[in-house]
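Those protein sequence lines, which keep their order, are chains A and B.
Under our numbering, think of the first position of the first sequence as 1, with each following residue one higher.
Under our numbering, think of the first position of the second sequence as 548, with each following residue one higher.
In what follows, a single structure is set out as structure tokens and then discussed.
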Amino acid sequence: MDRQRHLVRGASARDRSRPADAGQGRGLGRREFLRYAAAGATVLGAGSALAACGGSSSSPGPGGSATAGKPKRGGTLTLGAQGGASNDNLDAHNPLTNADYPRIFALYSALVTLDTNAKVVNVLADEITSNKDATVWTVKIKSGVETHKGKTFGAKDVLYSLRRISNAKTPFPGAAVLTPLDLQNARVLNATTLQLPCKTPFSTFVDSLIDPFCLMVPEGYDPKSPDGTGPFMYKSFTPGVRSEFPRHPNYFENGKPYADDLIITDIPDEQSQVNALLGGQVNLINFLSSDSLAALQNGAVNVVISKTGGWNPITMRVDMAPFSDVRVRQAMKLIIDRPQMLDLVFGGHGRIGNDVFGYYDPLYDHSLPQRHQDIEQAKSLLKAAGHENLTVTLTTSAGIGQGIVKTAQVFAQQAKAAGVTVNVNAVTASTWFGQDYLKVPFGQDYWFYLPYLVNVPQVTIPGGAFNTPHYDNPAYTSLYKQALATTDESLKADLAHQMQKIDYNDGGLIIPYFPPVIDATAKNVHGVVQSPSFPISNYDWASIWID
Amino acid sequence: MAQMALEGAAVTRRRWRDDHPILWLAVSRTLFGLLTLLAVSVIVFAATTVLPGNAAKAILGQTATPARVRALELQLNLDHSVWYQYWAWLTGVLRGNFGISYAARIPAWQVVGPRLANSAVLVALAGVIGTVIGVGLGALAAVRRGGRADDTLAVVSLGVTSLPEFVVGIALVIVFATTFWHVLPAVSLVPPGSTAWENPSVLVLPGVTLVIVIVPYILRMTRAATIEALESDYFENARLKGLSPRRLLLVHALPNAIPPVVQVIGLNLLYLAGGIVVVETLFAFPGIGQGLVNAVDDRDVPVIQLTVLLLAAFYVFVNILSDVVSLLASPRRRLPRS
Numbered sequence: 001m002d003r004q005r006h007l008v009r010g011a012s013a014r015d016r017s018r019p020a021d022a023g024q025g026r027g028l029g030r031r032e033f034l035r036y037a038a039a040g041a042t043v044l045g046a047g048s049a050l051a052a053c054g055g056s057s058s059s060p061g062p063g064g065s066a067t068a069g070k071p072k073r074g075g076t077l078t079l080g081a082q083g084g085a086s087n088d089n090l091d092a093h094n095p096l097t098n099a100d101y102p103r104i105f106a107l108y109s110a111l112v113t114l115d116t117n118a119k120v121v122n123v124l125a126d127e128i129t130s131n132k133d134a135t136v137w138t139v140k141i142k143s144g145v146e147t148h149k150g151k152t153f154g155a156k157d158v159l160y161s162l163r164r165i166s167n168a169k170t171p172f173p174g175a176a177v178l179t180p181l182d183l184q185n186a187r188v189l190n191a192t193t194l195q196l197p198c199k200t201p202f203s204t205f206v207d208s209l210i211d212p213f214c215l216m217v218p219e220g221y222d223p224k225s226p227d228g229t230g231p232f233m234y235k236s237f238t239p240g241v242r243s244e245f246p247r248h249p250n251y252f253e254n255g256k257p258y259a260d261d262l263i264i265t266d267i268p269d270e271q272s273q274v275n276a277l278l279g280g281q282v283n284l285i286n287f288l289s290s291d292s293l294a295a296l297q298n299g300a301v302n303v304v305i306s307k308t309g310g311w312n313p314i315t316m317r318v319d320m321a322p323f324s325d326v327r328v329r330q331a332m333k334l335i336i337d338r339p340q341m342l343d344l345v346f347g348g349h350g351r352i353g354n355d356v357f358g359y360y361d362p363l364y365d366h367s368l369p370q371r372h373q374d375i376e377q378a379k380s381l382l383k384a385a386g387h388e389n390l391t392v393t394l395t396t397s398a399g400i401g402q403g404i405v406k407t408a409q410v411f412a413q414q415a416k417a418a419g420v421t422v423n424v425n426a427v428t429a430s431t432w433f434g435q436d437y438l439k440v441p442f443g444q445d446y447w448f449y450l451p452y453l454v455n456v457p458q459v460t461i462p463g464g465a466f467n468t469p470h471y472d473n474p475a476y477t478s479l480y481k482q483a484l485a486t487t488d489e490s491l492k493a494d495l496a497h498q499m500q501k502i503d504y505n506d507g508g509l510i511i512p513y514f515p516p517v518i519d520a521t522a523k524n525v526h527g528v529v530q531s532p533s534f535p536i537s538n539y540d541w542a543s544i545w546i547d
Numbered sequence: 548m549a550q551m552a553l554e555g556a557a558v559t560r561r562r563w564r565d566d567h568p569i570l571w572l573a574v575s576r577t578l579f580g581l582l583t584l585l586a587v588s589v590i591v592f593a594a595t596t597v598l599p600g601n602a603a604k605a606i607l608g609q610t611a612t613p614a615r616v617r618a619l620e621l622q623l624n625l626d627h628s629v630w631y632q633y634w635a636w637l638t639g640v641l642r643g644n645f646g647i648s649y650a651a652r653i654p655a656w657q658v659v660g661p662r663l664a665n666s667a668v669l670v671a672l673a674g675v676i677g678t679v680i681g682v683g684l685g686a687l688a689a690v691r692r693g694g695r696a697d698d699t700l701a702v703v704s705l706g707v708t709s710l711p712e713f714v715v716g717i718a719l720v721i722v723f724a725t726t727f728w729h730v731l732p733a734v735s736l737v738p739p740g741s742t743a744w745e746n747p748s749v750l751v752l753p754g755v756t757l758v759i760v761i762v763p764y765i766l767r768m769t770r771a772a773t774i775e776a777l778e779s780d781y782f783e784n785a786r787l788k789g790l791s792p793r794r795l796l797l798v799h800a801l802p803n804a805i806p807p808v809v810q811v812i813g814l815n816l817l818y819l820a821g822g823i824v825v826v827e828t829l830f831a832f833p834g835i836g837q838g839l840v841n842a843v844d845d846r847d848v849p850v851i852q853l854t855v856l857l858l859a860a861f862y863v864f865v866n867i868l869s870d871v872v873s874l875l876a877s878p879r880r881r882l883p884r885s
């Protein structure tokens, strides 16, 4: 019964904004991309989605497929959203539940976002450039962007947003990815240009801005009467129940959004979500498990299964026995039959992992050999470490996310072959977050996709807010600092690969798989494509239409 | 002297009790009920503080960095001692202030009130319809005992009794909302600001589910109690006097079946107040059960306290009421003892 609250945590960065990169990542807007994607698109019916996902995964991108046809204006999008509760809120910088994300992405825009191929593309930003050592950034934004209340969005609003996120008194979660910025000395150069000096080199600034906690709001923003630049505007909102957002008529992308209204209604139970869609009460549902696929495939609805870069690690504290011995950590990584685990937990959807995160990042090292189950080697490593017939407790909670407890159970089953007894201790969400998270020697966690170097400072560097493995490796940290200080892409890639080798061999995170995100829509809803991270086309509400 | 006065007092008290058995029962049970509610509030408060973590951590979840937790704790007054928190809550309640919801940051009453109204409508509707159907069918089965109608009802009610409410609910959804017909809403989405009875269609499937769950119990108890009455000597006597079958059943048999049936109806109402959680979750019905589950997840103590107190008060009230009604229906016990 625990509501699932997979929260996204953001981090800090790599520079894709340099002019050399311009043609690749930044020139192609989301709208243009979708137009290209539409050309070769397929309708993702339930059956074809399965087929698509069974295919090879040699391409790093999730592969966007949009629905063919010319988008139509009008209609109401109604999302039956999972994971909402009475602490739902609309603050752009403080999403707390899984029903908050679809709402904030409707009301507010970001400077940059991920397109359907997991490339960083501009939204409000026009150009983001830095000096050679990545210590001063210049952000130029699009001109003529209007907020819901008719203000013109400018550089001063960007600065206001960054300062609001990073305020010293009670910093919002996004502050974690912006720490190198020296916001005190930031300067508004003109209406659309902002200069941001940094306290330390910050080559990952642009990537950091895809963090979902870094959305832009106008000066004087009041979350009680929210104003923003997103495709839909605030009309009404009741936490834990429902929100109603009409179309923003002066949205900066011409012709968009297509729908007249966006209604997001909280449906806490997955079975109820499926029933509401099949019964026609809502036309989109999100965060489904593979258990619902059978019911959906029998109904006249579309199912979209995305291979995301999100990751569900099993976390081992490297500062506590028995995991302080690297041989035990390696044995744990070798115990898992990853394809079997993915089959049992997600019906084979998603993709198997290799104990390194940041899958869609160009810096992700695909040349590391895929780790396979090797019981004999695991046994000999455990024997060498003096931990034959090891017994460990894996603390977990359904509140961490979809499929988490099942993963723990499969792991316990598979570990038996190596003589390891894993006691699965599943606790409630409030117990997990109140007492166990970041403390237990052996636990689990959940992340949406972030670029590799944006994720690192939060999870594998000492002081990181979500450093579940309590990882503190001076060599690794030094490599990270070097990567932050260089704008040379090949040098940065080299440094990142060295770090990933350490994650792979020495790290305290087991990443058995990258989970799928499963959404379903009514047949007449179009434009919902596979996403690298969040459900419903990464919540790109402006591009979804109804016929 | 002193002894006589004491005896006199004892005699007076006993006499008052014996003269007004119903009033005595109602008053004494109400007083005990209030003590029960106080005990419940202490237990619930203790239980919520024994759980690890607190509302600030539960609300912030994974984003609970120490600075943010501290800020929220100060905002929610969680930095005070447990005793202080309980005392503040209790004195507030005595002044009619049920506190501010930790999660929603509005008065707890505003969180619970609309949900309470929705649940009350659902329970009342299911209770009334279920009772009418259950008593009617039970009486029918008793009159036709051994006949085909009785056999059918026995088998069907036994079958339904063995089905948990979520199975009944899902079956109804499949038939009426998703797979066969699309005539009723599968999920009870009530727009904020409006109530369940303003959207009557959302009440149908959850209501029918609850009715199906409670009818068999009432039916079987009515049948048994009516049969007992039908087989009694006075009934035989009345029948031999040549009274019409209808008069026999309505005036002579059914009234004697009331006390046990009222107890079962009371028990079913209590079941509805608690068991409604499952049905509300299944239909995403914005009621008190679903609200309680959310509040426990958020460790939202004011909302938990208010909800549990309301449910406990309902239990106490229904218990007293069913006892009083049973007494009223039993002349032998109702009249003052001589």
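Glycine included, C-beta positions come from ideal geometry on N, C-alpha and C.
Extent of the continuous beta strand (DSSP E) to which residue i belongs
i	result
B/Trp744	That residue, B/Trp744, is in no beta strand (DSSP E); it is neither H nor E in DSSP.
A/Ile522	For the record, residue 522 of chain A in the displayed sequence is Ala; it is not Ile. Segment 516-522, the beta strand (DSSP E) holding A/Ala522.
A/Met316	314-316
A/Phe442	442-444
A/Asn122	120-122
A/Ser130	125-130
A/Ser397	391-397
A/Ala426	421-427
Where residue i sits in the DSSP three-state scheme
i	result
A/Ala81	strand
A/His93	coil
A/Trp311	strand
B/Thr610	helix
B/Val652	Before going further, note that residue 652 of chain B is Arg rather than Val in the sequence given. Coil.
B/Pro732	coil
B/Arg695	helix
Spatial neighbours of residue i in its chain, beta-carbon cut-off 6 Å, leaving aside the 5 residues before and after
i	result
B/Asp845	Ala605, Ile606, Ala650
A/Ala99	Ala81, Gly83, Gly84, Asp88, Asp266
Of the listed residues the options, nearest to residue i (C-alpha basis)
i	options	result
A/Ile352	A/Asp472, A/Tyr513, A/Leu183, A/Leu344	A/Tyr513
A/Val420	A/Leu107, A/Val328, A/Thr238	A/Val328
B/Ser709	B/Thr854, B/Val760, B/Ala804	B/Val760
A/Val206	A/Asp472, A/Asp319, A/Val145, A/Leu124	A/Leu124
B/Pro929	B/Arg786, B/Arg793, B/Trp744, B/Leu856	The question about residue 929 of chain B has no answer, for chain B in this structure spans 548 to 885.
B/Asp847	B/Ala593, B/Ala602, B/Pro568	B/Ala602
A/Leu293	A/Pro246, A/Tyr504, A/Asp519	A/Asp519
A/Glu388	A/Pro268, A/Ala417, A/Ile510, A/Leu181	A/Ala417
8 Å CB neighbourhood of residue i in its chain, flanking five on each side removed
i	result
B/Thr583	Ala859, Val863
B/Asp870	Leu572, Arg576
A/Asn455	Ala11, Phe357, Gly358, Trp447
A/Phe431	The identity of residue 431 of chain A in the sequence shown is Thr, whereas the question assumes Phe. Closer than 8 Å at the Cβ level, and outside the excluded window around A/Thr431, lie Ser397.
A/Asp319	His470, Asp472
Alpha helix (DSSP H) segment containing residue i, residue limits
i	result
B/Arg662	655-690
A/Ala331	326-335
A/Val405	404-415
B/Pro802	801-829
Sequence-distant residues of its chain with Cβ nearer than 7 Å to residue i (five each side left out)
i	result
B/Val755	Leu719
A/Lys523	Ala300, Val301, Asn302
### Query
Using Cβ-Cβ distances below 9 Å, what residues of the stretch 618-641 of chain B are close to chain A?
Ala618, Leu619
### Query
Can you list, in chain order, the residues of the stretch 588-612 of chain B whose Cβ is nearer than 8 Å to any Cβ on chain A?
Leu598, Pro599, Gly600, Asn601, Lys604, Ala605, Ile606, Leu607, Gly608, Gln609, Thr610, Ala611, Thr612
### Query
Using a Cβ cut-off of 7 Å, which residues of the stretch 277-290 of chain A contact any Cβ in chain B, in chain order?
Leu278, Gly279, Gly280, Gln281
#### Entry: Residues in the stretch 234-264 of chain A having any Cβ partner in chain B nearer than 8 Å
Ser236, Thr238, Pro239, Gly240, Val241, Arg242
### Query
Relative to chain B, which residues along the stretch 80-96 of chain A have a C-beta separation below 7 Å, given in chain order?
Ala85, Ser86, Asn87, Leu96
### Task
Give, in chain order, every residue of the stretch 854-870 of chain B whose Cβ lies closer than 9 Å to some Cβ of chain A.
none
### Message
Can you pull out the residues from the stretch 812-832 of chain B whose beta carbon lies closer than 7 Å to at least one beta carbon of chain A?
### Response
Thr828, Leu829, Phe830, Ala831
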